[in-house]
Amino acid sequence: MISTIISCHDLFKKIESKNTSSIKILFTTMANAPTSKPDLKREDVSLYIPKSLLFDFENDFVNKQNSFSNMMPSLSAFQVSAQKLGLNVDDEIVVYDDFGNFCASRAWFMLLSMGFTNVKTLDGGLPQWIKCGYKTESSLISPNIESNVQLKASLNYSFVDADYICTALSACLLVPASKASTTITLQTGKTNRSQLIDARSFGRYAGIESEPRASMRSGHIPTSVNIHYASLQHAGKFKSSDELTDMFEDNNINLKNEMIISCGSGVTACIVAQAAYSLGAPRVKVYDASWSEWGASQTLPIEVGV
């Protein structure tokens with residue numbers, strides 16, 4: 358199993374040690390998450406782990422030209438933001454959020470996709486840190502020096518779009534219906550090299566639960582299987598490697614083959630991606646726009662039920 362998490366105790370020891378120059382602690386959050394998921398419980402957002410920098414994927418590390426929220430920026434734009442934050446590829450990076458782990462995995466996968474390989478999420482996040490009684494601070498720190506980091510995007514761990522899914526899975530085929538329009542006809546069973554996982558709740562996946570976004574179709578992308586992100590965690594902590602393995606195997610997911618993971622908007626899919634990576638999956642893709650794009654389309658095919 359590849360370690361992608363760090364305990365609060367181990368992070369505390371690193372903070373207290375004399376040589377912390379190569380450790381970067383990144384706090385991330387989602388301002389609109391409680392609105393879309395009222396069941397989420399967040400810690401006091403005015404408390405932070407000491408020496409925390411802000412990794413803001415809503416306003417900074419984001420493609421501002423994209424109509425969908427929180428989309429991954431280009432490599433060059435990401436590189437500029439990483440330089441301003443003082444990040445280097447050989448840094449030891451720890452990411453945490455104020456929910457436990459709701460969006461920390463999104464930041465983790467973004468960094469992984471840009472070539473940062475020594476990145477971990479804090480097990481249990483800020484709630485666990487506070488529960489353990491460790492020191493907090495009332496403000497984030499500012500970067501004291503910019504870096505000159507030069508990034509190289511990962512080929513095996515990356516964000517993808519709808520066209521990639523249609524091509525990789527051979528689930529969709531663009532067929533000109535007329536000179537004026539294009540329709541998409543479903544074709545299945547062509548390949549088993551790529552696997553699609555839907556990280557949303559079963560109700561949304563099956564189409565029996567209304568979507569939180571207005572005018573959004575219900576259901577799922579054809580050929581996908583449902584592994585709800587919340588089923589991989591307990592109280593913001595990942596379950597054991599045996600439990601995670603069972604979850605993938607029970608859904609007939611071959612960890613050796615490429616998997617493409619979607620969710621509502623590309624955030625919680627990264628929790629599933631992190632679990633798969635920790636189990637040694639060699640090729641993991643996250644559909645960045647996810648259901649916010651696929652469900653809003655009137656031509657991309659959907660299925661309901663199981």
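Residue numbers for the sequence shown follow the working numbering, so the first one is 358 and each next one is one higher.
From the three backbone atoms N, C-alpha and C, an ideal C-beta is built for every residue, glycine too.
Q: Enumerate in chain order the residues of its own chain whose CB-to-CB distance from S403 is below 7 Å, with the five nearest sequence positions on each side excluded.
A: Walking along the sequence shown from the start, residue 403 turns up at place 46. Cβ within range, chain order: S495.
Q: Taking the CB atoms as reference points, tell me whether V506 and A461 lie closer together than 7 Å.
A: Counted from its first residue, the sequence shown places residue 506 at position 149. Counted from its first residue, the sequence shown places residue 461 at position 104. Contact: no.
Q) What residue from F369, P569, S360 has the CA that sits closest to V476's CA? A) Against the sequence shown, residue 476 aligns to sequence position 119. Answer by Cα proximity: S360.
Q. In the structure shown, what three-state DSSP assignment does D607 receive?
A. As a working note, residue 607 is residue 250 in the sequence shown. D607: helix per DSSP, three-state reduction.
Q | Residues sharing a beta bridge with T478, DSSP | A | Working through the sequence shown from its first residue, we reach residue 478 at position 121. Answer is I362, V452, bridged to T478.
Q.
The beta strand (DSSP E) that contains I628, what's its start and end?
A. Residue 628 sits at position 271 when you count from the first residue of the sequence shown. Careful: I628 lies outside any beta strand (DSSP E), inside the alpha helix (DSSP H) at 626-635.
Q) Quick one: what does DSSP say D518 is sitting in, helix, strand or coil? A) As a working note, residue 518 is residue 161 in the sequence shown. DSSP places D518 in coil when its eight states are reduced to three.
Q: Determine contact between the region 376-386 and the region 421-441, defined as no fewer than three beta-carbon pairs at a distance below 8 Å.
A: no
(Q) Quick check on Q655: buried or exposed, where buried means 16 or more other Cβ atoms within 10 Å of its Cβ? (A) What you label residue 655 is simply residue 298 of the sequence shown in a count that begins at 1. With fewer than 16 other Cβ atoms within 10 Å, it is exposed.
Q) Can you tell me whether DSSP reads C552 as helix, strand or coil? A) Taking the sequence shown and counting its residues from 1, the one referred to as residue 552 is at position 195. The sequence given here places Gln at residue 552; Cys does not occur at that position. Reduced to three states, the DSSP call for Q552 is strand.
Q | Start-to-end residues for the beta strand (DSSP E) that takes in K613 | A | As a working mapping, residue 613 is identified with position 256 in the sequence shown. Neither: K613 is in no beta strand (DSSP E) and is coded neither H nor E.
Q.
DSSP three-state label for G662, please.
A. Walking along the sequence shown from the start, residue 662 turns up at place 305. Coil.
Q) Excluding sequence positions up to five away, which residues of its chain have a Cβ less than 6 Å from the Cβ of T386? A) Position 29 of the sequence shown, counted from the first residue, corresponds to residue 386. Correct list, in chain order: D454, D455.
Q: Put Q422 into one of helix, strand or coil per three-state DSSP.
A: Residue 422 sits at position 65 when you count from the first residue of the sequence shown. Note: Q422 maps to coil in three-state DSSP.
Q. Can you name the residues that DSSP bridges to F384?
A. Against the sequence shown, residue 384 aligns to sequence position 27. Note: F384 sits in a beta bridge opposite L411, Y453.
Q) Candidates K492, S499, K594, E568: which alpha carbon is nearest I363's? A) The count along the sequence shown starts at 1 and reaches residue 363 at position 6. Among K492, S499, K594, E568, the Cα nearest to that of I363 belongs to K594.
Q) Is Y491 helix, strand or coil by DSSP? A) Numbered from its first residue, the sequence shown carries residue 491 at position 134. Coil.
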